[in-house]
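Trainee: Submitted below is the structure of interest, expressed as structure tokens.
Residue numbers (this note's numbering): 2 to 130.
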């Protein structure tokens with residue numbers, strides 16, 4: 002496994018959960034005027050809701066033998082090209098996509114099995130062997 006796989010996995014998980022705060026900060030940098038307190042409160046509330054949502058998703062998409070985080074590591078390793086620059090762009094993007102899909106999968110009847118099928122799909126189409 003490439004040495005950046007685990008740090009990129011944790012960074013993508015944090016970015017997904019805190020994306021509303023990142024979005025408000027990026028908006029502040031582009032627009033050049035500070036967001037109101039209402040925007041910050043909404044961003045903090047949305048981030049807290051995403052943290053709770055992902056805790057539920059992790060529980061529903063995990064089994065005793067196969068954890069959600071283990072599946073995310075397999076997805077990260079599968080999309081890794083073993084080159085640093087493409088990995089810094091490709092791995093977080095694929096992990097953000099996989100987390101969003103996992104949120105939808107968690108709504109289904111057998112989310113653990115469907116999540117493992119998602120992991121296997123990434124593994125079958127991996128970039129390097």
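A virtual CB, placed ideally from N, CA and C, is assigned to each residue, including glycine.
If you're wondering where the values come from, they're calculated on a predicted model, not measured in any experiment.
1. Cα separation between residue 49 and residue 99?
2. Could you name the residues of the same chain whose beta carbon sits closer than 6 Å to that of residue 2, not counting the 5 residues immediately before and after it, in chain order?
3. If we cut at 7 Å on Cβ distances, does residue 119 have a partner in chain D?
4. Using CA coordinates, which residue listed in 41, 75 and 27 is at the minimum distance from residue 11?
5. Take residue 67 as the anchor and find which of 84, 120, 42 and 5 has the nearest alpha-carbon.
6. In terms of alpha-carbon separation, which member of 27, 115 and 13 lies closest to residue 61?
7. Take every Cβ of the segment 91-109, pair it with every Cβ of the segment 36-50, and state whether three or more of those distances are shorter than 8 Å.
8. Assuming residue 21 and residue 47 make a contact with CB atoms under 8 Å, what is their CB distance in whole Å?
Mentor: Judging by the given coordinates:
1. The residue labelled residue 49 in the question sits at position 48 within the chain shown. The residue labelled residue 99 in the question sits at position 98 within the chain shown. The straight-line gap from Cα to Cα measures roughly 20 Å.
2. By 1-based counting over the chain shown, the position of residue 2 is 1. With a pLDDT of 49 at residue 2, under the threshold of 50, the modelled position of this residue cannot be trusted, and the question is left open.
3. Absent from the structure: chain D. Only one protein chain is present.
4. Taking the chain shown and counting its residues from 1, the one referred to as residue 11 is at position 10. Taking only the C-alpha atoms, the option nearest residue 11 is 75.
5. For this step, residue 67 is matched to residue 66 along the chain shown. Checking every option, the nearest Cα to that of residue 67 belongs to 120.
6. As a first step, residue 61 must be located in the chain shown, where it is residue number 60. For the residues 27, 115 and 13, the minimum Cα distance to residue 61 belongs to 115.
7. no
8. Working through the chain shown from its first residue, we reach residue 21 at position 20. Working through the chain shown from its first residue, we reach residue 47 at position 46. Indeed, because the Cβ distance is near 4 Å, the residues count as touching under 8 Å.
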